[in-house]
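Novice:
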Amino acid sequence: MSNQKFDLLEKVFHTSSDYLIVKDVNGRWIEANQKTLQLFEIEEGAYIGKTDEQLAQKYKKFENYGPICVHSDNQAWLSKNEFQLKESFRMDGNDYTFHVRKIPLYDENGHADSLVVVGRNITEQEKYQAISDKQYKALQMIASGEPLTDVFLNIVNAVEALSSKSICSIMFYEESENWLRNGYSHSFPESFLKKIDRFPVGLNFASCGHAAFTKEIAIVSDIETDPSWSNWKTIPLSYQLHSCWSIPILSSKGELFGTFAIYHPDVRKPKSYEIELLKVFSYLTGLAIERDNQVKEIQYLASHDTLTNLPNIRFLKDVIDRLITRQDEFAILFIDLDRFKPINDTFGHAVGDKVLSEVARRIHSNIPNKGIVTRMGGDEFVILLKKMKNEKQPKEVAEQILQAIKEPIVINDREFYVSASIGISMYPFHGHTGDILIRNADVAMYSVKGEDGQSIQMFNDSLTKHGTELFMLQGELREAIKQNQFFIQYQPKIQLATGKFTGLEALIRWKHPEKGIISPDTFIPLAEESGFIGALGEWVLREVCLQLKKWRESNLTHLPVAVNISVRQFVLNDIPSLVEAILAEFDLPSESIEIEITESVLSKHEYLIQNAVSKLQEIGVKVSIDDFGTGYASMTYLKQFRANKIKIDRSFISSLPHDVNEAAIVSAVITLARELHMDVIAEGIETKEQFDFLLDKGCSEGQGYYFSRPVSSNEIEELIQRVNKFLK
Numbered sequence: 000m001s002n003q004k005f006d007l008l009e010k011v012f013h014t015s016s017d018y019l020i021v022k023d024v025n026g027r028w029i030e031a032n033q034k035t036l037q038l039f040e041i042e043e044g045a046y047i048g049k050t051d052e053q054l055a056q057k058y059k060k061f062e063n064y065g066p067i068c069v070h071s072d073n074q075a076w077l078s079k080n081e082f083q084l085k086e087s088f089r090m091d092g093n094d095y096t097f098h099v100r101k102i103p104l105y106d107e108n109g110h111a112d113s114l115v116v117v118g119r120n121i122t123e124q125e126k127y128q129a130i131s132d133k134q135y136k137a138l139q140m141i142a143s144g145e146p147l148t149d150v151f152l153n154i155v156n157a158v159e160a161l162s163s164k165s166i167c168s169i170m171f172y173e174e175s176e177n178w179l180r181n182g183y184s185h186s187f188p189e190s191f192l193k194k195i196d197r198f199p200v201g202l203n204f205a206s207c208g209h210a211a212f213t214k215e216i217a218i219v220s221d222i223e224t225d226p227s228w229s230n231w232k233t234i235p236l237s238y239q240l241h242s243c244w245s246i247p248i249l250s251s252k253g254e255l256f257g258t259f260a261i262y263h264p265d266v267r268k269p270k271s272y273e274i275e276l277l278k279v280f281s282y283l284t285g286l287a288i289e290r291d292n293q294v295k296e297i298q299y300l301a302s303h304d305t306l307t308n309l310p311n312i313r314f315l316k317d318v319i320d321r322l323i324t325r326q327d328e329f330a331i332l333f334i335d336l337d338r339f340k341p342i343n344d345t346f347g348h349a350v351g352d353k354v355l356s357e358v359a360r361r362i363h364s365n366i367p368n369k370g371i372v373t374r375m376g377g378d379e380f381v382i383l384l385k386k387m388k389n390e391k392q393p394k395e396v397a398e399q400i401l402q403a404i405k406e407p408i409v410i411n412d413r414e415f416y417v418s419a420s421i422g423i424s425m426y427p428f429h430g431h432t433g434d435i436l437i438r439n440a441d442v443a444m445y446s447v448k449g450e451d452g453q454s455i456q457m458f459n460d461s462l463t464k465h466g467t468e469l470f471m472l473q474g475e476l477r478e479a480i481k482q483n484q485f486f487i488q489y490q491p492k493i494q495l496a497t498g499k500f501t502g503l504e505a506l507i508r509w510k511h512p513e514k515g516i517i518s519p520d521t522f523i524p525l526a527e528e529s530g531f532i533g534a535l536g537e538w539v540l541r542e543v544c545l546q547l548k549k550w551r552e553s554n555l556t557h558l559p560v561a562v563n564i565s566v567r568q569f570v571l572n573d574i575p576s577l578v579e580a581i582l583a584e585f586d587l588p589s590e591s592i593e594i595e596i597t598e599s600v601l602s603k604h605e606y607l608i609q610n611a612v613s614k615l616q617e618i619g620v621k622v623s624i625d626d627f628g629t630g631y632a633s634m635t636y637l638k639q640f641r642a643n644k645i646k647i648d649r650s651f652i653s654s655l656p657h658d659v660n661e662a663a664i665v666s667a668v669i670t671l672a673r674e675l676h677m678d679v680i681a682e683g684i685e686t687k688e689q690f691d692f693l694l695d696k697g698c699s700e701g702q703g704y705y706f707s708r709p710v711s712s713n714e715i716e717e718l719i720q721r722v723n724k725f726l727k
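Per numbering that gives the first Met the number 0, the sequence shown runs over residues 0 to 727.
1. Let me check understanding here. Comparing Cα to Cα, which of Val-409, Thr-50, Phe-380 and Ile-594 lies closest to Ile-574?
2. Quick check: the region 323-342 against the region 354-362, are there 3 or more CB pairs under 8 Å?
3. Might you give, ordered along the chain, the residues of its own chain that have their beta carbon closer than 7 Å to the beta carbon of Ile-581, omitting 5 neighbours on each side?
4. Specify the secondary structure class of Phe-333 as computed by DSSP and reduced to three states.
5. With DSSP collapsed to three states, give me the class of His-511.
6. Taking Thr-122 as the reference, which of Lys-270, Ser-553 and Gln-482 has the closest Cα?
7. Mind checking which residues open and close the beta strand (DSSP E) that includes Val-560?
8. Taking 8 Å as the limit between beta carbons, can you name the residues of its chain near Thr-35, skipping five residues before and five after?
9. Assuming Leu-555 and Glu-716 are in contact, meaning their beta carbons sit under 8 Å apart, how far apart are those beta carbons, in whole angstroms?
10. Let me check understanding here. Comparing Cα to Cα, which of Asn-343, Ile-624 and Tyr-64 lies closest to Asn-809?
11. Based on the DSSP output, what are the partners of Ile-166 in its beta bridges?
12. So what does DSSP say about Arg-413, is it helix, strand or coil?
13. Can you tell me whether Ser-16 is buried or exposed, with buried defined as 16 or more other CB within 10 angstroms of its CB?
14. Measure the alpha-carbon distance for Ala-642 versus Gly-201 and round it to whole angstroms.
15. Given a threshold of 16 other Cβ atoms within 10 Å of its Cβ, counted over all protein chains shown, does Pro-393 qualify as buried or as exposed?
16. Kindly indicate which three-state DSSP category Glu-159 falls into: helix, strand or coil?
17. Run through DSSP, which three-state label would Asn-610 get?
18. Might you give, ordered along the chain, the residues of its own chain that have their beta carbon closer than 8 Å to the beta carbon of Leu-309, omitting 5 neighbours on each side?
19. Can you list, in chain order, the residues of its chain whose CB lies under 7 Å from that of Ile-618, leaving out five sequence neighbours each side?
20. Can you tell me the Cβ-Cβ gap for Leu-655 and Ala-663, rounded? I've got them flagged as a contact below 8 Å.
21. How about Asp-626 and Asp-648: do their beta carbons lie closer than 8 Å?
22. Going residue by residue through the region 35-63, where are the continuous beta strand (DSSP E) segments of at least 3 residues, counting only ones entirely within it?
23. How big is the Cα-Cα spacing for Ala-632 and Thr-501?
24. To which residues of the same chain is Ser-504 closer than 6 Å at the C-beta, ignoring the five residues directly before and after it?
25. For Glu-173, which residues does DSSP report across the bridge?
26. From Gln-74 to His-110, what distance separates their C-alpha atoms?
27. DSSP puts Lys-85 in a beta bridge; with which residues?
28. At which residues does the beta strand (DSSP E) containing Lys-644 begin and terminate?
29. Select from Gln-134, Ser-143, Ile-421 and Ala-349 the residue whose C-alpha is nearest the C-alpha of Asn-732.
30. Measure the alpha-carbon distance for Ser-175 versus Lys-133 and round it to whole angstroms.
31. Helix, strand or coil, according to DSSP, for Gly-257 in the structure here?
32. Just checking, does the region 249-260 make contact with the region 101-108 on the three C-beta pairs under 8 Å criterion?
33. Per the contact definition of three or more C-beta pairs closer than 8 Å, is the region 423-430 in contact with the region 478-497?
34. Distance, Cα to Cα, Glu-450 vs Ala-419?
35. For Gln-494, list the residues DSSP reports as bridge partners.
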């Protein structure tokens, strides 16, 4: 080889970005490039003829790596081919990882000649991979909802493991005081945490205060000399901490949660992977805080009314159950506002909401300590008063509340006046369950509801004309389910334009063993008053879904079935969750069931119903407003509830097409629904004239005796065939 070529090869050898070593067959170093010598601080030429063990004894930086080399050299000679591996060792208190290639060379006779070692420093790549692995672990913990302190512990441990000798700190921002509070750090001594607690936020206020103020990363490599630390440097320096790197913890919307900091005993800047550590784990900390806040908000919303921030009825029932378990005496007050609806309808919901909020505040400020005020829905409130031993005590509280409510409420320089009626029940005298006590307080309130407000009534068994019948039928209603006295009939829904079967409506019937068929108009109100409506409504849903499953399995029909839901069911039960659970139980798609809500009840519990309607639609269940036109301010509710379908009440259909006024109303409703992208179904169609009129006006569906009376499930197949033939 010419000298020129040799010089070129030597230049390449010594300027290579890799670490290069050439050893003879006995492991003695022949040549090493400058990069290798600089790494281990070995003098030029001092290595020639030395083995790894000899160099490890002489050079401190090589002492941990030397023994590793001997083992992997032997593996390379045994393989007789290029051998690749990762080698890790510790030097100067830091961990290093190299990707190493060991290439055995042989002479022309096939005898072992020399070993070429090529190393590449992959320490930072390994760090980045470790960051990715630990990031994934933290994300798993956050997604699975593990406790926030456990997530923080995992994050801090990860950072301190990946940044050698570092100590990690999480601090929380308190906006009201504009300072940072200790959040989480298990490596700092308590004395240090106490000194940095309530750290002020401001420009150049050390590392964390500055990062929180600017919402940008703050790197201080030397705390002792950095001006931003001048007022606080004695704190970290007394604990042998000389550098601090801090980054703000932000929400997804840029809201400041706090700061994430790494303290280090050395005077130095962070390495690139340590900057990545700060960015990744501050983000994960913010994500964990945000998720925890969302969970708390969901838990709060699940137990509180969003308008008044009062607990809701579910929260109250849990408290009542605990009091009953302890046999504590208490009273329930059921409050219904008078003259509120005209305010809401005349001045709008924004004003109505302010009135309700002010009423809620006045009620809350006039109850004894440890009393609980809840909003039942609409303009109804339920109050729990603890340690009530006689009727006089809750009546006195009720009188104070009535006096507070009747004072004028000023909104936008206008005075509004409302009054209220209050019913009272007491445990254990008026019931032994929360549902019964609330119901009896409700019954007592309604008994004086029409007496110009400002009325208070203690519950007694003679309050309603149905008192005796209610008591007797309460047990019979429950027994009726056990004895299979209830049954379901189905009335078809027809697409007027084509005659196509579009669905069915489920109608509950009661065949009493002695009284015969009892009208739903009789037993449904009794079921509502007795609190049995929840169990009865659940039975209907299950029976309908069971029948739907049978029809689908026999491929008879896949038509949806509409089920009527009482307002009391919405108050007493979580209807969306119940419907979703029963559909899942019978493995039915959400479109199998439609829910019908009577239009006249919407104003009574509008917020509760509106929320339930939205949840039902979210799970894919369509909602219809039944008996449309019979309630008050129907057009308002069309806009507010955004139902999928409206059913025009039979009272408007019966006089069609001869009654000009009714015809105009029906035509207007059909047009309005079409503009709002709602379907319209007319109920109570009995004549061909009615059918022709509705078809001409663009009504999409209809039901009534003109097509069929309600029939049993066994008659459905025959009915489908008969109706289809009739309309051909």
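Idealized CB from N, CA, C, for every residue including glycine.
Specialist: In short, the structure shows the following:
1. Nearest option by C-alpha distance: Ile-594.
2. Short answer: they touch.
3. Cβ neighbours of Ile-581 beyond the five flanking positions: Leu-540, Arg-541 and Cys-544.
4. Phe-333 falls in the strand class under three-state DSSP.
5. Reduced to three states, the DSSP call for His-511 is strand.
6. The residue with the shortest Cα to Cα distance from Thr-122 is Lys-270.
7. Looking at the DSSP string, the run of the beta strand (DSSP E) that includes Val-560 is 560-564.
8. The residues are Tyr-18, Leu-19, Ile-20, Ile-41 and Gly-118.
9. That belief holds up - the Cβ atoms of Leu-555 and Glu-716 are roughly 6 Å apart, short of 8 Å.
10. Since the first residue shown for the chain is 0 and the last is 727, residue 809 is missing from the structure and cannot be characterised.
11. Ile-166 is bridged by DSSP to Tyr-262.
12. Arg-413: strand per DSSP, three-state reduction.
13. Looking at its Cβ environment, which holds fewer than 16 other Cβ atoms inside 10 Å, Ser-16 is exposed.
14. Rounded to whole angstroms, Ala-642 to Gly-201 spans 52 Å at the Cα level.
15. Looking at its Cβ environment, which holds 16 or more other Cβ atoms inside 10 Å, Pro-393 is buried.
16. Helix, per DSSP.
17. When secondary structure is reduced to three states using DSSP, Asn-610 falls in the helix class.
18. By the criterion of a C-beta distance shorter than 8 Å, Leu-309 is surrounded in its chain by His-303, Ala-359, His-363, Val-372, Thr-373, Arg-374 and Phe-380, once the five residues flanking it on both sides are discounted.
19. The beta carbon of Ile-618 lies closer than 7 Å to those of Pro-575, Glu-579 and Ser-589 in the same chain, with the five residues before and after it left out.
20. The C-beta distance from Leu-655 to Ala-663 rounds to 11 Å, too long to fall under 8 Å, and the pair is not in contact.
21. Cβ atoms of Asp-626 and Asp-648: closer than 8 Å.
22. Within the region 35-63, no complete beta strand (DSSP E) segment of 3 residues or longer occurs.
23. Because Ala-632 carries a pLDDT of 44, less than 50, the predicted location of this residue cannot be relied on, and the following value inherits that uncertainty. Between Ala-632 and Thr-501, the C-alpha separation is close to 29 Å.
24. Note that residue 504 is Glu in the sequence shown here, rather than Ser. For Glu-504, where only same-chain residues beyond five positions count, the Cβ hits under 6 Å are Gln-490 and Ala-561.
25. For Glu-173, which the question treats as bridged, DSSP gives the partners Trp-178.
26. Taking the straight line joining both Cα atoms gives about 17 Å.
27. Looking at the DSSP assignment, Lys-85 forms a beta bridge with His-98.
28. Here the beta strand (DSSP E) through Lys-644 covers 644-647.
29. Here the chain comprises residues numbered 0 to 727, so residue 732 is not present and cannot be evaluated.
30. The alpha-carbon atoms of Ser-175 and Lys-133 are separated by roughly 34 Å.
31. Gly-257: strand per DSSP, three-state reduction.
32. The region 249-260 vs the region 101-108: no contact.
33. With the cut-off at 8 Å, the region 478-497 and the region 423-430 do not touch.
34. With a pLDDT of only 46 at Glu-450, under the threshold of 50, the placement of this residue in the model should not be trusted; the figure read from the coordinates follows. Answer to the nearest angstrom: the Cα atoms are 10 Å apart.
35. Per the DSSP secondary-structure output, Gln-494 pairs in a beta bridge with Glu-700.
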